[in-house]
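Engineer: Following our numbering, the numbering of the sequence shown begins with 14 at its first residue and continues without gaps. All C-beta atoms, glycine included, are put in the ideal place defined by N, C-alpha and C.
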Amino acid sequence: MSPSDHEKRIRSFRFRLGVAAGLMWLAILVVVLRIVDLQVLHYSKFRTLAYDNHVALVPVAPPRGLVLADHGAVLAENEPTYALEITPDQVPQLQDTLQRLQQLLGLDANDMRRFQERRMGRPDFDPVVLKAGLTPAQIAAVAVRALDLPGVQVVAMLHRHYPYDALFSHVVGYVGPITATDLKDFRASNYVGRNYIGKNGLERYYERQLRGTMGYQIKDINARGLQVGTLREIPARPGENLLTHLRVRVQEAGALALQGKGYRGAVVAMNPNDGAVLAMVTSPSFNANWFVDGISTAHWRSLLDNPGRPLMNRADNGLYPPGSCAKPFYSVEAVQEGVIAPDYHTFCAGNYQLGGHTYWDWNRAGFGNTGLTKALTWSVDVFYYKLAVKMGIALQDKTLWRFGFGSKPPIDLPGGASGLVPTPAWKQAHLHAPWYTGDSVILGIGQGYLLESPLQLARAVSALANGGYLVQPQVAKAFVDPDNGRVEPIADAPPIDLHISAEAMQAVRKGMESCVTSGTCHTVAIPGITIAGKTGTAQVPVGYKNGHTVYNNDSLFIGWAPVHHPKIAVAVVVEYGGHNAWQALPVARAVINAYLRPDGKMPETVAEKTAAHYDAPLAIGEKGSVNPRPAQPAIP
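#1: Rounding to the nearest angstrom, what Cα-Cα distance links Glu98 and Asn302 in this structure?
#2: The beta strand (DSSP E) with His370 in it runs from where to where?
#3: Could you pull the DSSP bridge partners for Trp573 from this structure?
#4: So is Gly549 buried or exposed if we call it buried at 16+ other beta carbons inside 10 Å?
#5: Determine contact between the segment 466–483 and the segment 276–295, defined as no fewer than three beta-carbon pairs at a distance below 8 Å.
#6: Restricting to Cα atoms, I'd like to know which of Val583, Thr390, Tyr557 is closest to Pro486.
#7: Does the structure place the segment 347–361 close enough to the segment 544–558 that three or more beta carbon pairs sit under 8 Å?
#8: Can you check DSSP and say which residues form a bridge with Ala289?
#9: So the candidates are Arg113, Glu130, Val168; which of them puts its Cα closest to the Cα of Asp161?
#10: Just tell me which of Asn559, Asn566, Phe342 has its CA closest to the CA of Gln469.
#11: Taking DSSP as the reference, what is the three-state secondary structure of Val280?
#12: Touching or not, the segment 451–459 and the segment 359–374, by the rule of three or more beta carbon pairs under 8 Å?
#13: Following the continuous alpha helix (DSSP H) through Phe138, name the residue where it begins and the one where it ends.
#14: Count Cβ pairs between the segment 593–607 and the segment 568–585 that sit closer than 8 Å; are there 3 or more?
#15: Beta carbon of Pro176, beta carbon of Val87: below 8 Å?
#16: Using the C-alpha atoms, what's the distance from Leu117 back to Met133?
#17: Considering only C-alpha positions, which residue in the set His561, Ile23, Lys547 is nearest to Val586?
#18: For Leu444, which option in Ala430, Asp496, Tyr462 has the closest C-alpha, if you only look at C-alpha atoms?
#19: Among Met525, Ala506, Ala491, Ser514, which residue has its Cα nearest to the Cα of Gly85?
#20: What would DSSP say about His512, mapped onto helix, strand or coil?
#21: What are the boundary residues of the beta strand (DSSP E) that Arg173 is part of?
#22: So within the segment 340–401, which uninterrupted beta strand (DSSP E) runs reach at least 3 residues, ignoring any that extend past its ends?
#23: In angstroms with no decimal places, state the Cα-to-Cα distance between Leu433 and Pro447.
#24: Take every Cβ of the segment 384–393, pair it with every Cβ of the segment 526–534, and state whether three or more of those distances are shorter than 8 Å.
#25: Buried or exposed: Asp121, going by 16 or more other Cβ atoms within 10 Å of its Cβ?
#26: Please confirm whether Ala545 and Val576 have their CB atoms less than 8 Å apart.
#27: Would the beta-carbon of Ser344 fall within 8 Å of that of Leu385?
#28: When burial is assigned at 16 or more other CB atoms within 10 Å of the CB, is Lys197 buried or exposed?
#29: Excluding the 5 residues preceding and the 5 following Gln596 in the sequence, name in chain order all residues of the same chain whose CB lies nearer than 7 Å to its CB.
#30: If Val305 sits next to His172, beta carbons under 8 Å apart, how far is it from one beta carbon to the other, in whole angstroms?
#31: Nearest to Asn330 by alpha carbon, out of Thr148, Arg207, Gly278, Val104?
#32: Per DSSP, Arg250 forms a beta bridge with which residues?
#33: Would you decide whether Lys21 is buried or exposed? Buried here means 16 or more other CB atoms lie within 10 Å of its CB.
#34: Pull up the distance between the alpha-carbon of Val11 and that of Gln460, whole angstroms please.
#35: Counting C-beta neighbours from all protein chains within 10 Å, is the total for Ala574 16 or more, i.e. buried, or is it exposed?
#36: Confirm, please, whether the CB-CB distance from Val188 to Gly211 is below 8 Å.
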């Protein structure tokens with residue numbers, strides 16, 4: 014080998030060595046830069062990812078606050094149970110897993126449908142209940158297959174339960190699975206890990222106080238993804254217990270008096286001095302427990318097919334013509350405004366003639382010379398026909414608005430109806446017709462287009478009982494801290510002073526007390542208890558026969574007791590009571606008796622008989638009415 018070839022080989026070797034060294038140093042530089050990137054620049058990010066590979070943040074739902082009656086009876090409670098939860102983002106093949114669980118646990122289509130509804134609007138990392146109330150056999154079936162069911166676990170949970178089933182369903186309400194619609198009203202982050210949310214009633218209105226504050230557990234996870242321990246725990250804070258003014262005994266008395274006879278209707282009982290709601294009954298009702306885990310198709314269909322419409326809260330949303338229950342309020346305003354004097358008298362011949370039309374009294378024989386006391390005692394229609402003409406529609410409307418009709422009562426429940434106080438402008442806008450004096454005549458006996466709810470009637474009659482103050486109805490009384498029992502009263506809203514004169518108030522009270530002692534509602538009387546009240550018979554159309562509208566009558570009662578030291582005000586409506594509409598009277602009697610005589614026998618059996626001298630059938634369509642409920646099919 015020549016010297017020149019040797020030098021070439023040396024130069025080539027040195028070149029290759031330099032390239033190799035350069036590549037080596039470049040590789041070292043890349044590794045160093047990557048280490049700096051991982052360990053310095055993105056340390057926090059990758060530390061968290063590494064940490065999450067062996068730990069899991071598990072939300073812990075707090076116990077929901079209890080709902081209590083005034084004397085401590087539990088109206089809504091929590092029962093321990095076991096449920097099957099699925100965390101969607103931890104399940105590789107969700108549909109296959111669901112099908113497997115459906116066969117394994119014997120789940121039906123309703124269970125699968127409810128699972129999909131619960132998933133809507135929720136992140137995939139949030140566990141979703143597939144089945145609550147697992148049996149021991151179902152728990153065992155899942156446990157032995159735990160390794161083959163990633164993202165599926167059996168968890169202990171508190172299940173909402175309503176001990177009185179249907180008794181308080183409309184007022185206490187119920188909870189149900191969380192849906193996307195629910196989260197439009199509440200922050201979604203507060204419901205990660207929760208299964209229930211208030212759907213209506215007190216459960217909905219006080220959702221934020223009852224739900225409590227979420228807790229968390231930091232779980233240690235092994236290589237298989239199973240939880241093997243708890244590293245840290247932030248305890249959940251239970252929701253506040255809600256103490257209400259509701260009385261179980263009074264609620265039971267009203268429900269039994271209505272439902273025991275198969276009546277459709279409502280009862281509202283309240284303390285007239287502060288608006289505390291003592292009872293709020295709707296008949297028929299429904300079992301609130303059906304809705305907690307999502308109602309079944311069979312139960313839902315049974316409610317929808319029930320002609321009594323049990324889902325409707327008649328006490329707050331039911332709208333009815335008040336009939337003669339409107340007369341005391343017109344009387345107060347007429348005396349207050351000087352339209353009539355307390356000793357005003359007129360003659361009742363059994364009918365009233367106006368513009369060629371005859372308006373009949375319920376007693377076609379007439380009542381003769383009639384003053385205000387007699388007019389209220391015997392519900393003399395002719396007296397109020399004439400009074401309506403004297404007052405005019407402007408003062409009639411003012412009266413109704415002053416006593417809270419036409420606007421939703423400010424109660425601590427969601428929803429609620431405003432009712433309808435007709436005005437000339439309303440009639441022109443909706444019926445394209447002017448207001449006639451005859452419209453005022455019919456309005457004067459609580460008929461025509463006038464529609465009110467039982468809650469509005471109870472609130473209005475409370476103003477007569479307490480001396481002229483329009484109170485705000487309130488169901489809840491206080492929040493109770495579940496940890497230390499501290500009671501935080503819920504302040505009563507100040508009442509509205511209606512500025513009713515003592516002269517006007519005394520005149521009406523005298524007539525309403527006489528109505529109970531000797532008049533149309535004397536069967537509501539209870540020995541030893543003074544009661545003031547007023548009956549109402551409101552015509553409503555129920556169908557058609559031979560080309561004519563057929564009417565039935567709702568039976569109503571409003572009143573309070575005792576007369577001079579009121580403790581309870583009551584409004585009762587019984588739908589379709591018939592021509593001799595007396596059915597509201599024994600219902601009111603049972604409710605008043607249950608509250609004022611708590612140690613007496615309950616329920617009290619009241620003889621079924623019509624009020625004396627109040628049994629003359631009304632002529633078809635003689636008072637006129639609009640239909641507050643859908644018309645029934647034509648009568649064959």
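Structural biologist: The relevant details are as follows:
#1: Whole-angstrom Cα-Cα distance: 21 Å.
#2: Counting along the chain, the beta strand (DSSP E) containing His370 begins and ends at 370–373.
#3: Note: Trp573 is bridge-paired with Ala545, Ala582 in the DSSP secondary-structure output.
#4: Sixteen is the threshold: when 16 or more other Cβ atoms of the shown chains lie within 10 Å of the Cβ of Gly549, as they do, the residue is buried.
#5: They touch, by the three-pair rule.
#6: Nearest option by C-alpha distance: Val583.
#7: A contact is defined here as three or more CB-CB pairs under 8 Å, and the segment 544–558 fails this definition with respect to the segment 347–361.
#8: DSSP, once it has assigned bridges, lists Gln487 as partnering Ala289.
#9: When each option's Cα is compared against that of Asp161, the closest is Arg113.
#10: Checking every option, the nearest Cα to that of Gln469 belongs to Phe342.
#11: It is a strand residue.
#12: Touching, yes, given that three or more Cβ pairs across the two stretches are closer than 8 Å.
#13: For Phe138, there is no enclosing alpha helix (DSSP H), as DSSP marks it with neither H nor E.
#14: They touch, by the three-pair rule.
#15: Yes, the Cβ-Cβ distance between Pro176 and Val87 is below 8 Å.
#16: Whole-angstrom Cα-Cα distance: 24 Å.
#17: Per the Cα distances, Lys547.
#18: If we check each option's Cα against that of Leu444, Tyr462 comes out closest.
#19: The residue among Met525, Ala506, Ala491, Ser514 with its C-alpha nearest the C-alpha of Gly85 is Ala491.
#20: In the structure shown, His512 sits in coil (DSSP, three-state: anything other than H, G, I, E or B).
#21: Under the DSSP assignment, Arg173 falls in the beta strand (DSSP E) whose first and last residues are 165–174.
#22: Segments of the beta strand (DSSP E) lying fully in the segment 340–401: 358–361, 364–367, 370–373, 381–384.
#23: Each residue's CA atom was taken as its position, placing Leu433 and Pro447 some 17 Å apart.
#24: Contact holds between the segment 384–393 and the segment 526–534, because three or more Cβ pairs, one in each stretch, are under 8 Å apart.
#25: When all chains shown are included, Asp121 counts as exposed.
#26: Less than 8 Å divides the Cβ of Ala545 from the Cβ of Val576.
#27: Going by C-beta atoms, Ser344 is nearer than 8 Å to Leu385.
#28: So Lys197 counts as exposed.
#29: Here the set comprises Tyr276, Ser568, Val587, Gly590.
#30: Right, the Cβ-Cβ distance comes to about 7 Å (below 8 Å), so this counts as a contact.
#31: When each option's Cα is compared against that of Asn330, the closest is Gly278.
#32: According to DSSP, Arg250 bridges with Thr226.
#33: Exposed.
#34: Residue coverage of the chain in this structure runs from 14 to 649, which leaves residue 11 outside it and unanswerable.
#35: By the 10 Å Cβ count, Ala574 comes out buried.
#36: By the CB criterion at 8 Å, Gly211 and Val188 fall inside the cutoff.
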